[in-house]
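Numbering (my numbering), first residue to last: 441 to 671. Yeah, the Cβ is synthetic: ideal placement off N, Cα and C, and Gly gets one too. Computed from a predicted structure; not experimentally measured.
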């Protein structure tokens with residue numbers, strides 16, 4: 441059930457240990473009533489802007505960083521294992537491992553947008569993913585998935601939660617890792633997950649429902665990129 445907007449303005453305030461957001465002077469808390477604490481004024485301002493940008497009825501879809509921080513504060517410490525397993529699950533059937541030999545425009549885009557990221561993750565982390573051409577079946581080695589898990593486990597709660605969130609949004613642990621490590625920008629990451637859909641749209645036209653869903657994904661990706669730059 442949607443909730444009506446119950447406040448006029450969101451502002452940022454410095455408190456012990458960091459910064460928080462106030463709604464008409466009252467401290468914003470998480471769903472579990474914990475303090476919403478941010479490391480600096482810039483990161484807190486992003487959340488304040490999300491609340492200030494809300495319509496008359498609150499829309500959680502327009503508050504990706506608020507949602508992200510709620511998970512970090514309320515759930516992350518007890519859910520690290522589950523998040524790591526979910527990231528490994530996506531990595532086992534990662535989007536970037538499904539390349540095609542045709543049509544030529546898709547092949548070109550995959551080479552342009554996917555291959556550099558695959559090269560980076562191999563060079564930076566020693567992760568060499570199995571690529572299956574024209575096949576929906578692929579299996580990554582246990583060694584690769586264990587390395588992915590170790591990379592995730594080395595992250596603190598905030599970065600691990602962000603890694604998990606972006607992996608689900610992008611359908612790719614590889615793209616998510618590149619994004620949070622600032623190797624990939626939001627615009628390129630979004631283009632990388634839209635290759636087949638955008639190609640098909642040149643033939644059949646865009647589907648309105650697909651456009652709406654992809655628009656929300658794009659906003660999530662852009663919001664996370666902006667947030668990470670403040671940390």
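According to DSSP, is residue 593 part of a helix, a strand, or is it coil? Start at 1 with the first residue of the chain shown, and residue 593 comes out as number 153. Residue 593 falls in the helix class under three-state DSSP.
Looking at residue 601 and residue 483, is the spacing between their C-beta atoms short of 7 Å? One-based indexing of the chain shown puts residue 483 at position 43. One-based indexing of the chain shown puts residue 601 at position 161. Not in contact: residue 483 and residue 601 (Cβ atoms no closer than 7 Å).
Work out the CA separation of residue 630 and residue 610 for me, nearest whole Å. One-based indexing of the chain shown puts residue 610 at position 170. One-based indexing of the chain shown puts residue 630 at position 190. The straight-line gap from Cα to Cα measures roughly 8 Å.
Please state whether DSSP places residue 447 in a helix, a strand or coil. If you number the chain shown from 1, residue 447 lands on position 7. DSSP places residue 447 in coil when its eight states are reduced to three.
Between the CA atoms of residue 619 and residue 497 - distance to the nearest angstrom: Taking the first residue of the chain shown as position 1, residue 497 is located at position 57. Taking the first residue of the chain shown as position 1, residue 619 is located at position 179. Each residue's alpha carbon lies about 31 Å from the other.
Cutoff 7 Å; reference residue 574; Cβ partners in own chain excluding five residues on either side: The sequence position of residue 574 within the chain shown is 134, counting from 1. So the list reads 540, 541, once near-sequence residues are dropped.
What number of angstroms, rounded off, separates the C-alpha of residue 649 from the C-alpha of residue 456? By 1-based counting over the chain shown, the position of residue 649 is 209. By 1-based counting over the chain shown, the position of residue 456 is 16. In a straight line, the C-alpha of residue 649 is about 45 Å away from that of residue 456.
Using three-state DSSP, classify residue 466 as helix, strand or coil. Stepping through the chain shown from its first residue, residue 466 is reached at position 26. DSSP places residue 466 in strand when its eight states are reduced to three.
Are the CB atoms of residue 452 and residue 485 nearer to each other than 7 Å? Translated into positions along the chain shown, residue 452 becomes position 12. Translated into positions along the chain shown, residue 485 becomes position 45. Yes, the Cβ-Cβ distance between residue 452 and residue 485 is below 7 Å.
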